[in-house]
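Enquirer: Here it is: the structure, laid out below.
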Amino acid sequence: MKVKQIEHIGIAVKSLDETIPYYEALLGTKCYNVEEVAEQKVRTAFFKVGEVKIELLESTDPEGPIGKFVEKKGEGVHHIAYAVDNVNEALTEAEESGLRLIDKTQRKGAEGLNIGFLHPKSTHGVLTELCSEGDK
Numbered sequence: 001m002k003v004k005q006i007e008h009i010g011i012a013v014k015s016l017d018e019t020i021p022y023y024e025a026l027l028g029t030k031c032y033n034v035e036e037v038a039e040q041k042v043r044t045a046f047f048k049v050g051e052v053k054i055e056l057l058e059s060t061d062p063e064g065p066i067g068k069f070v071e072k073k074g075e076g077v078h079h080i081a082y083a084v085d086n087v088n089e090a091l092t093e094a095e096e097s098g099l100r101l102i103d104k105t106q107r108k109g110a111e112g113l114n115i116g117f118l119h120p121k122s123t124h125g126v127l128t129e130l131c132s133e134g135d136k
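What follows is the structure in structure tokens.
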């Protein structure tokens with residue numbers, strides 16, 4: 001698997017409305033996109049910092065993955081996402097190399113990206129997301 005760059009860093013938050021102003025002030029830039037990904041039970045907000053994005057994640061359902069994360073661990077870094085050419089191929093390579101997968105095949109994520117997650121138990125405790133442009 002060849003990683004092209006860090007795509008984004010995902011940060012779980014309780015409230016986008018409360019957190020966006022902090023990041024706008026800290027980063028000196030405006031949030032450029034807020035969207036809901038209903039199937040993942042999350043609202044996202046994005047900031048561009050150089051070539052990397054910061055993704056804020058707010059749960060839309062306490063039983064969703066972000067809701068459970070915030071309840072158990074509080075707000076904070078949730079995952080690191082890496083850009084790859086093709087998520088399905090990268091997931092196959094990761095599994096063949098012995099990594100544990102959360103997703104066996106890609107699914108749709110925010111900003112039209114294809115995404116797939118590697119389990120933190122096989123990535124030294126870091127929830128790892130692989131991303132590629134849609135329709136690949």
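Under the UniProt record's numbering, residues 1 to 136 are what the sequence shown spells out, in order.
Ideal placement from N, C-alpha and C gives every residue a C-beta, glycine not left out.
Bear in mind that the values here come from a model prediction, so they are computed numbers and not experimental data.
1) Pairing CB atoms from the segment 20-40 with CB atoms from the segment 80-88, are three or more of them under 8 Å?
2) Buried or exposed, going by whether 16 or more other CB atoms sit within 10 Å of the CB of Thr44?
3) Could you check where the beta strand (DSSP E) with Lys53 kicks off and where it finishes?
4) What did DSSP end up calling Ile20 once you bin it into helix, strand or coil?
5) May I ask you to report which of helix, strand or coil DSSP gives Lys136?
6) Please confirm if the segment 59-74 is in contact with the segment 86-103, defined as three or more CB-CB distances below 8 Å between the two stretches.
7) Who are Gln40's beta bridge partners in DSSP?
8) Closer than 6 Å by C-beta to Phe117: which residues in its own chain qualify, once you throw out the five before and the five after it? Chain order, please.
9) Please name the residue or residues paired with Gly76 in a DSSP beta bridge.
10) Taking Glu24 as the reference, which of Val3, Gln5, Leu56 has the closest Cα?
11) Excluding sequence positions up to five away, which residues of its chain have a Cβ less than 6 Å from the Cβ of residue 137?
12) Alpha carbon to alpha carbon, how far is Ile20 from Lys48?
13) Could you spell out where the beta strand (DSSP E) holding Asn114 opens and where it closes?
Expert: Quick answer:
1) Contact check between the segment 20-40 and the segment 80-88: fewer than three CB pairs, one atom from each, fall below 8 Å, which does not count as touching.
2) When all chains shown are included, Thr44 counts as buried.
3) Lys53 -> beta strand (DSSP E) spans 52-59.
4) Three-state result, Ile20: helix.
5) Caution is warranted here: a pLDDT of 46 is assigned to Lys136, below 50, making its placement in the model unreliable, and no coordinate value can be reported.
6) Contact fails: fewer than three Cβ-Cβ distances are below 8 Å.
7) In the DSSP output, where bridge partners are listed per residue, Gln40 has none listed.
8) Non-local beta-carbon contacts of Phe117 in its own chain, meaning distances under 6 Å to residues more than five positions away in sequence, involve Ile102, Asp103, Glu129 in chain order.
9) As DSSP reads the structure, Gly76 sits in a beta bridge with Ala12.
10) Glu24 has its Cα closest to that of Leu56, out of Val3, Gln5, Leu56.
11) The chain is shown from 1 up to 136; residue 137 falls before or after that span and cannot be answered.
12) For Ile20 and Lys48, the gap between their C-alpha atoms comes out near 13 Å.
13) Segment 114-118, the beta strand (DSSP E) holding Asn114.
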